[in-house]
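K.L.:
UniProt numbering puts the first residue of the sequence shown at 1, with every later residue one more than the last. The C-beta atom is built at its ideal place from N, Cα and C for all residues, glycine as well. Since the model is a prediction, treat every value here as computed from it, not as a measurement.
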Amino acid sequence: MTSVSDDVALTMDDMPLGEDGLIDFRALAVNLIETVVNHAMELEADELLGEGNRRNGYRERRLRTVIGEIVLRVPKLREDTYFPERVMRPYSRVDRAMVGVVSRAYVNGMSTRRIEKVAGELEFGRLSPSTVSRMLASLDGEVDALRQAEFDAGSPVQYLWLDATYVKCRDDDSRVCSQATVTAIGAFMDGTRRFVGFDLVDTESYDSWKRFLLSLRRRGVAGVRLVTSDAHAGLRRAIMEVFDGASWQRCFVHMQRDLTARIRHRKDQGRAMHALSAVPRQPDAAMTRAAYDAAVVRIGAIDRRAGELLEDAREDALAHLAFHREHWVRLRTNNVQERANAEIKRRTRAVQSSPHASP
Numbered sequence: 001m002t003s004v005s006d007d008v009a010l011t012m013d014d015m016p017l018g019e020d021g022l023i024d025f026r027a028l029a030v031n032l033i034e035t036v037v038n039h040a041m042e043l044e045a046d047e048l049l050g051e052g053n054r055r056n057g058y059r060e061r062r063l064r065t066v067i068g069e070i071v072l073r074v075p076k077l078r079e080d081t082y083f084p085e086r087v088m089r090p091y092s093r094v095d096r097a098m099v100g101v102v103s104r105a106y107v108n109g110m111s112t113r114r115i116e117k118v119a120g121e122l123e124f125g126r127l128s129p130s131t132v133s134r135m136l137a138s139l140d141g142e143v144d145a146l147r148q149a150e151f152d153a154g155s156p157v158q159y160l161w162l163d164a165t166y167v168k169c170r171d172d173d174s175r176v177c178s179q180a181t182v183t184a185i186g187a188f189m190d191g192t193r194r195f196v197g198f199d200l201v202d203t204e205s206y207d208s209w210k211r212f213l214l215s216l217r218r219r220g221v222a223g224v225r226l227v228t229s230d231a232h233a234g235l236r237r238a239i240m241e242v243f244d245g246a247s248w249q250r251c252f253v254h255m256q257r258d259l260t261a262r263i264r265h266r267k268d269q270g271r272a273m274h275a276l277s278a279v280p281r282q283p284d285a286a287m288t289r290a291a292y293d294a295a296v297v298r299i300g301a302i303d304r305r306a307g308e309l310l311e312d313a314r315e316d317a318l319a320h321l322a323f324h325r326e327h328w329v330r331l332r333t334n335n336v337q338e339r340a341n342a343e344i345k346r347r348t349r350a351v352q353s354s355p356h357a358s359p
């Protein structure tokens with residue numbers, strides 16, 4: 001390796017200093033990298049020189065990195081061209097590590113405008129929102145890989161949880177609209193739970209639900225015995241058609257919310273929830289059903305419509321009783337989705353609206 005020690009030899013007096021009088025190691029690193037990389041480009045360009053081919057000055061390129069902006073002096077030749085492909089990509093002004101930092105910051109809940117501000121504070125160089133957005137295109141591959149991930153059909157997904165979170169998206173006409181982002185988490189036979197899919201779904205459309213469930217099945221989500229979700233229109237029918245033999249569990253928590261929405265007075269809502277709270281505390285299936293039936297009577301006396309809702313939902317709200325007793329606490333609600341939904345909501349609060357209304 002060719003030595004560049006003469007080019008980078010510095011005394012303490014030559015070191016860049018910060019406002020506090022101490023060595024500015026970031027600025028020092030930028031200076032050293034500029035010196036070393038520019039020297040390496042000089043040597044590489046020299047190898048292209050020959051009879052009739054001479055140097056023709058330099059062109060300056062600025063490259064944003066995680067330690068700051070680096071000024072590169074790219075040699076120009078009279079004949080042919082020289083480009084440092086191992087230093088940067090054509091038309092790129094940002095190095096790969098910087099793209100990675102920005103992408104992770106975005107994924108972790110930082111808006112493009114906040115990234116622009118922080119980049120300036122950390123002396124990464126100016127990053128406009130449009131520049132950040134272009135850098136985030138690197139996430140598209142990760143998203144596609146997640147959406148297209150295939151699963152081993154020989155390892156059945158016995159339980160499936162579906163939940164929808166409404167987020168603001170911009171359509172092709174730049175109009176902001178509310179869209180339901182549906183996430184799917186599966187429990188495999190080995191006891192592990194994994195994120196198996198997500199999409200934008202019209203939660204009131206049977207056709208939309210069926211397309212989503214078929215996409216899961218095509219990627220190997222098979223052997224489903226129970227699906228837990230809210231009572232979305234058309235979903236139960238889609239489940240029966242796509243996952244033959246599967247049962248549907250109406251999320252107990254969502255059902256409680258639907259129930260209280262039908263009861264006008266807060267005091268009566270509390271009485272109804274107290275009556276229903278006894279149901280999941282029972283030790284076996286028979287006592288659970290008995291407690292549910294008792295709750296139907298008590299809540300029906302409080303509000304007729306609420307009692308009818310509870311009675312009509314009986315089989316679906318108690319579908320989990322047909323499975324292992326130790327699984328009931330997770331099967332009867334969509335609580336396993338809380339983390340995913342919390343992350344989606346945190347992320348969308350930061351960006352205010354997602355850039356596309358369709359995946």
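Do R250 and A278 have their C-beta atoms closer together than 7 Å?
P.N.:
Going by C-beta atoms, R250 is not nearer than 7 Å to A278.
K.L.:
Would you tell me roughly how many angstroms separate the C-alpha atoms of L214 and M240, rounded to the nearest one?
P.N.:
Computed Cα separation, rounded: 12 Å.
K.L.:
Per the DSSP calculation, L160 is bridged to which residue(s)?
P.N.:
According to DSSP, which records beta bridges pairwise, L160 is partnered with G186 and V227.
K.L.:
Using a threshold of 7 Å, state whether the C-beta atoms of V336 and I185 are closer than that.
P.N.:
Yes, the pair counts as a contact, with Cβ atoms nearer than the cut-off.
K.L.:
When burial is assigned at 16 or more other CB atoms within 10 Å of the CB, is L276 buried or exposed?
P.N.:
Buried.
K.L.:
Residues in the same chain with beta-carbon distance under 6 Å from P16, minus the five sequence neighbours each way, listed in chain order, please.
P.N.:
D24, A27 and L28.
K.L.:
Buried or exposed, going by whether 16 or more other CB atoms sit within 10 Å of the CB of S178?
P.N.:
S178 should be labelled exposed.
K.L.:
Cα separation between G245 and L63?
P.N.:
Going by the C-alpha atoms only, they are around 58 Å apart.
K.L.:
Within 10 angstroms of the Cβ of R332, are there 16 or more other Cβ atoms? Answer buried if so, exposed if not.
P.N.:
By the neighbour-count rule (16 or more Cβ atoms within 10 Å), R332 is buried.
K.L.:
Between the region 210-229 and the region 182-202, can you find at least three pairs of beta-carbon atoms closer than 8 Å?
P.N.:
Contact between the region 182-202 and the region 210-229 is present, because at least three Cβ pairs lie under 8 Å.
K.L.:
Return the residue from the list Q148, E42 and L226 that minimises the CA-CA distance to F212.
P.N.:
Selected option, being the one with the closest Cα: Q148.
K.L.:
Could you tell me how far apart the beta carbons of G223 and P156 are, in whole angstroms, since I believe they sit closer than 8 Å?
P.N.:
Confirmed, Cβ separation roughly 3 Å.
K.L.:
Can you list, in chain order, the residues of its chain whose CB lies under 6 Å from that of D202, leaving out five sequence neighbours each side?
P.N.:
Excluding sequence neighbours, D202 sits near S208.
K.L.:
In this structure, how does DSSP classify Y82 when only helix, strand and coil are distinguished?
P.N.:
Residue state, collapsed to three classes: coil.
K.L.:
To the nearest angstrom, report how far apart E338 and F252 are at their CA atoms.
P.N.:
Their backbone Cα atoms lie some 14 Å apart in a straight line.
K.L.:
Could you tell me if V297 is buried or exposed, where buried requires 16 or more neighbouring beta carbons within 10 angstroms of its beta carbon?
P.N.:
When all chains shown are included, V297 counts as exposed.
K.L.:
By the DSSP assignment, the beta strand (DSSP E) with R325 in it spans what residues?
P.N.:
Per DSSP, R325 belongs to no beta strand (DSSP E) and is neither H nor E.
K.L.:
Can you grab the Cα-Cα spacing for the pair D303 / L318, in whole Å?
P.N.:
D303 and L318: Cα-Cα distance of roughly 22 Å.
K.L.:
What whole-angstrom Cβ distance do L77 and N56 have, given they're in contact under 8 Å?
P.N.:
At roughly 6 Å, the Cβ-Cβ gap stays under 8 Å, so L77 and N56 are in contact.
K.L.:
Contact defined as beta carbons within less than 8 Å: I believe N334 pairs with D163. What is the distance between those atoms, to the nearest angstrom?
P.N.:
With 8 Å as the limit, N334 and D163 qualify as a contact, their Cβ atoms being about 5 Å apart.
K.L.:
With DSSP collapsed to three states, give me the class of I70.
P.N.:
In the structure shown, I70 sits in a strand (DSSP, three-state: E or B).
K.L.:
What separation, rounded to the nearest whole angstrom, lies between the Cα atoms of V221 and Q158?
P.N.:
One C-alpha to the other measures close to 9 Å.
K.L.:
Return the chain-ordered list of same chain residues with a C-beta closer than 8 Å to the C-beta of R193, the five sequence neighbours on each side being excluded.
P.N.:
Same-chain partners within the cutoff: I185, G186, A187 and V336.
K.L.:
Name the residue from S205, A45 and L146 whose alpha carbon lies nearest to the alpha carbon of R59.
P.N.:
Comparing Cα positions, the closest option is A45.
K.L.:
Would you list the one or two residues that DSSP bridges to N335?
P.N.:
According to DSSP, which records beta bridges pairwise, N335 is partnered with nothing at all.
K.L.:
Nearest CA to the CA of R225: which residue from D152, E69 and H320?
P.N.:
Considering only alpha carbons, the answer is H320.
K.L.:
Quick one: residues in its chain with C-beta nearer than 6 Å to the C-beta of I299, no 5 flanking neighbours on either side, listed in chain order?
P.N.:
Hits under 6 Å: A272, A275, A306, G307 and L310.
K.L.:
Mapping DSSP to helix, strand and coil, what is L48?
P.N.:
In this structure, L48 counts as coil in the three-state DSSP scheme.
K.L.:
Would E19 be called buried (16 or more neighbouring beta carbons within 10 Å of its own) or exposed?
P.N.:
Answer is exposed; the Cβ neighbour count stays below 16.
K.L.:
Please state whether DSSP places E315 in a helix, a strand or coil.
P.N.:
Three-state DSSP puts E315 in a helix.
K.L.:
Hey, V71 and E34 are a contact pair by Cβ (cut 8 Å); roughly how many whole angstroms apart?
P.N.:
With a Cβ gap of about 6 Å, V71 and E34 count as contacting.
K.L.:
Starting from D199, trace the beta strand (DSSP E) in both directions and tell me its first and last residue.
P.N.:
That run of the beta strand (DSSP E) goes R193 to L200.
K.L.:
What do you get for A295, buried or exposed, if any count of 16 or more other CB atoms within 10 angstroms of its CB means buried?
P.N.:
So A295 counts as buried.
K.L.:
Would you kindly check if the distance between the Cβ of A340 and the Cβ of T183 is under 7 Å?
P.N.:
In contact: T183 and A340 (Cβ atoms closer than 7 Å).
K.L.:
In chain order, what residues of the same chain have a beta carbon less than 8 Å from the beta carbon of D152, not counting five sequence neighbours either side?
P.N.:
Excluding residues within five positions, the ones whose Cβ falls inside 8 Å are G220.
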